[in-house]
Amino acid sequence: MSIRLAARAQAIEPFHVMRILAQARELEAQGRSIIHMEIGEPDFPSPEPVIAAGRQALDNKLTHYTAANGLPELRQAIADQYDLCSNLDAARILVTPGSSGALQLVMAMLLNSGDGIMLADPGYPCNRHIARLFTAEVQSIAVNESTDYQLTAELVEKYWQKNTKVVLIASPSNPTGTMISYEQLSDIYHLLQEKGAALVVDEIYHGLVYGEKPDSALNIGDQVFVINSFSKYYGMTGWRVGWLVVPPDEFIEAANRLAQNMYLAAPTLSQYAALAAIGQEAKEELTRRRDVFHLRRDVLLPLVEAAGFTVRTKPTGAFYIYADCSEIADDSMALCETLLHQAGVAITPGADFGSYESNKYVRFSYANAIENLQEGMMRIQRWINDNQ
Ligand SMILES: Cc1ncc(COP(=O)(O)O)c(C=O)c1O
Numbered sequence: 019m020s021i022r023l024a025a026r027a028q029a030i031e032p033f034h035v036m037r038i039l040a041q042a043r044e045l046e047a048q049g050r051s052i053i054h055m056e057i058g059e060p061d062f063p064s065p066e067p068v069i070a071a072g073r074q075a076l077d078n079k080l081t082h083y084t085a086a087n088g089l090p091e092l093r094q095a096i097a098d099q100y101d102l103c104s105n106l107d108a109a110r111i112l113v114t115p116g117s118s119g120a121l122q123l124v125m126a127m128l129l130n131s132g133d134g135i136m137l138a139d140p141g142y143p144c145n146r147h148i149a150r151l152f153t154a155e156v157q158s159i160a161v162n163e164s165t166d167y168q169l170t171a172e173l174v175e176k177y178w179q180k181n182t183k184v185v186l187i188a189s190p191s192n193p194t195g196t197m198i199s200y201e202q203l204s205d206i207y208h209l210l211q212e213k214g215a216a217l218v219v220d221e222i223y224h225g226l227v228y229g230e231k232p233d234s235a236l237n238i239g240d241q242v243f244v245i246n247s248f249s250k251y252y253g254m255t256g257w258r259v260g261w262l263v264v265p266p267d268e269f270i271e272a273a274n275r276l277a278q279n280m281y282l283a284a285p286t287l288s289q290y291a292a293l294a295a296i297g298q299e300a301k302e303e304l305t306r307r308r309d310v311f312h313l314r315r316d317v318l319l320p321l322v323e324a325a326g327f328t329v330r331t332k333p334t335g336a337f338y339i340y341a342d343c344s345e346i347a348d349d350s351m352a353l354c355e356t357l358l359h360q361a362g363v364a365i366t367p368g369a370d371f372g373s374y375e376s377n378k379y380v381r382f383s384y385a386n387a388i389e390n391l392q393e394g395m396m397r398i399q400r401w402i403n404d405n406q
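The opening residue of the sequence shown carries number 19 in our numbering; numbering runs sequentially from there.
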């Protein structure tokens with residue numbers, strides 16, 4: 019008798035971008051030059067003070083578990099960096115293994131089997147995949163440039179179903195880099211308060227916003243679940259450390275019980291390193307890096323448009339540009355494969371982010387040096403000129 023996979027493991031979808039990345043690595047191993055604009059993580063290493071703090075923690079043999087909700091001094095430092103009207107109680111914060119750990123925790127806390135979770139399509143794929151692992155019903159709502167690719171209170175009301183229990187917003191969004199306004203977010207918050215449903219806001223790209231600094235959803239009220247991470251702005255993807263802020267009391271206690279059982283604690287060395295990431299020494303370097311991302315967006319966006327892609331809402335954060343490629347090709351998945359093999363440029367097909375018109379879209383990541391972005395767009399432009 020052979021061992022059988024559980025239905026959930028059979029059903030979970032892969033990331034198409036991982037296949038593109040694997041093919042890109044194979045081509046590179048054969049000596050081809052590939053420009054990477056598919057990758058969803060900063061190209062910079064972690065800032066030096068972060069690495070030094072991780073090394074110091076190792077030298078100090080800090081290799082035991084922390085409490086399930088994380089190091090108290092890290093939780094306090096996270097609480098202190100929120101610019102809120104009233105102070106954030108550190109008891110509401112749990113340090114998690116990346117924001118992915120926070121996402122799993124929040125879904126475990128809020129979703130019964132068959133409950134609905136509403137989210138935007140296009141959106142970050144793991145959100146819907148993890149919701150399905152928890153046997154929730156994913157209620158994907160098609161969004162477009164008219165709402166900056168974000169949900170609105172009107173859309174939430176329009177598509178509300180009896181079983182809807184959670185609405186998840188990611189701002190800035192992956193793949194569009196666009197943001198929800200504070201007013202819209204407040205309207206959704208108050209609507210969900212009336213309906214007795216939970217609002218989860220993924221603020222992982224909040225540090226990488228190229229205009230006015232956005233307010234956290236925590237400013238609106240305390241009945242909100244906020245996810246964040248040291249991965250993107252702090253450049254610590256591989257350390258696996260993020261956090262979750264939960265509403266007071268009942269949820270703090272439940273989140274702690276779940277964390278104790280699901281992963282015991284976030285990695286200890288990483289938590290010490292994260293403490294240094296929040297510190298003054300790293301701040302200067304992180305601000306400089308954000309300016310570099312800003313500049314890259316300003317260089318890449320016009321090149322993408324000049325090549326014949328349409329960008330309907332200017333991205334204001336993260337490091338992505340979501341572009342309509344239908345003037346260039348009928349099928350974005352095929353275009354990504356062709357550009358990889360024939361032009362030597364890796365980008366991500368829209369299919370990774372949902373099903374709403376996803377075959378018309380691709381995502382460019384500008385987590386790469388300006389010279390490489392320019393070279394990549396030159397190759398794409400040349401391929402288009404030769405093939406149209
Ligand atoms: C919107 C969004 N949320 C969450 C994550 C997960 O990040 P991590 O688990 O590294 O914190 C990502 C990663 O790409 C993302 O884009």
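The C-beta atom is built at its ideal place from N, Cα and C for all residues, glycine as well.
Close-in-space but distant-in-sequence residues of the same chain around residue i (CB under 8 Å, 5 per side omitted)
i: residue 76; result: 287
i: residue 42; result: 52, 54, 56, 358 and 364
i: residue 84; result: 113, 283, 284, 286 and 289
Close Cβ partners of residue i (< 6 Å) along its chain, the five nearest in sequence each way excluded
i: residue 94; result: 108
i: residue 195; result: 333, 335, 336 and 338
i: residue 30; result: 147
i: residue 252; result: 295
i: residue 179; result: 134
i: residue 96; result: 111 and 261
i: residue 369; result: 34, 351 and 376
i: residue 144; result: none
i: residue 130; result: none
i: residue 328; result: 342
i: residue 140; result: 193, 371 and 372
Contacts around residue i, its chain only, beta-carbon distance under 7 Å, and the 5 residues preceding and following it disregarded
i: residue 171; result: 202, 205, 206 and 209
i: residue 71; result: 290, 291, 293 and 294
i: residue 128; result: 183, 184 and 216
i: residue 62; result: 253 and 307
Contact test: residue i Cβ vs ligand 2 heavy atom, cutoff 6 Å
i: residue 378; result: With respect to ligand 2, the structure shown offers nothing to examine, as its ligands consist of ligand 1.
Item to check | Chain-ordered list of residues that sit, by beta carbon, closer than 6 Å to a heavy atom of ligand 1 | outcome: 58, 116, 117, 118, 142, 188, 192, 220, 222, 247, 249, 255 and 260
Checklist entry - Quick check: the segment 110-129 against the segment 254-267, are there 3 or more CB pairs under 8 Å? => result yes
Item to check | In chain order, each beta strand (DSSP E) run of at least 3 residues that lies wholly inside the segment 169-223 | outcome: 182-188 and 216-220
Checklist entry - If we count Cβ pairs, one from each stretch, closer than 8 Å, do we get three or more for the segment 202-209 versus the segment 223-243? => result yes
Checklist entry - Taking three-plus beta-carbon pairs below 8 Å as touching, is the segment 351-366 in contact with the segment 216-225? => result no
Checklist entry - Which runs of the beta strand (DSSP E) spanning at least 3 residues fall entirely within the segment 323-377, listed in chain order? => result 338-342
Next on the checklist: For the structure I just gave you, are there three or more beta carbon pairs, one from the segment 72-88 and one from the segment 284-302, closer than 8 Å?
Outcome noted: yes
Checklist entry - So, do the segment 37-57 and the segment 265-277 have three or more beta carbon pairs nearer to each other than 8 Å? => result no
Next on the checklist: Counting beta carbon pairs with one atom in the segment 396-404 and one in the segment 185-195, are three or more of them shorter than 8 Å?
Outcome noted: no
Next on the checklist: Using 8 Å as the cut-off, can you tell me whether the segment 120-131 makes contact with the segment 158-171, which would need three or more C-beta pairs spanning the two stretches below that distance?
Outcome noted: no
Next on the checklist: Check whether the segment 296-304 and the segment 371-379 are in contact - that is, three or more C-beta pairs closer than 8 Å.
Outcome noted: no
Checklist entry - What runs of the beta strand (DSSP E), each 3 residues or longer, lie entirely inside the segment 130-159? => result 134-139
Next on the checklist: Could you tell me which whole alpha helix (DSSP H) segments of length 4 or greater appear in the segment 280-321?
Outcome noted: 286-296
Item to check | Cβ contact check for the segment 270-277 and the segment 313-331: 3 or more pairs under 8 Å | outcome: no
Next on the checklist: At 4 residues or longer, what runs of the alpha helix (DSSP H) sit wholly inside the segment 39-82?
Outcome noted: 66-77
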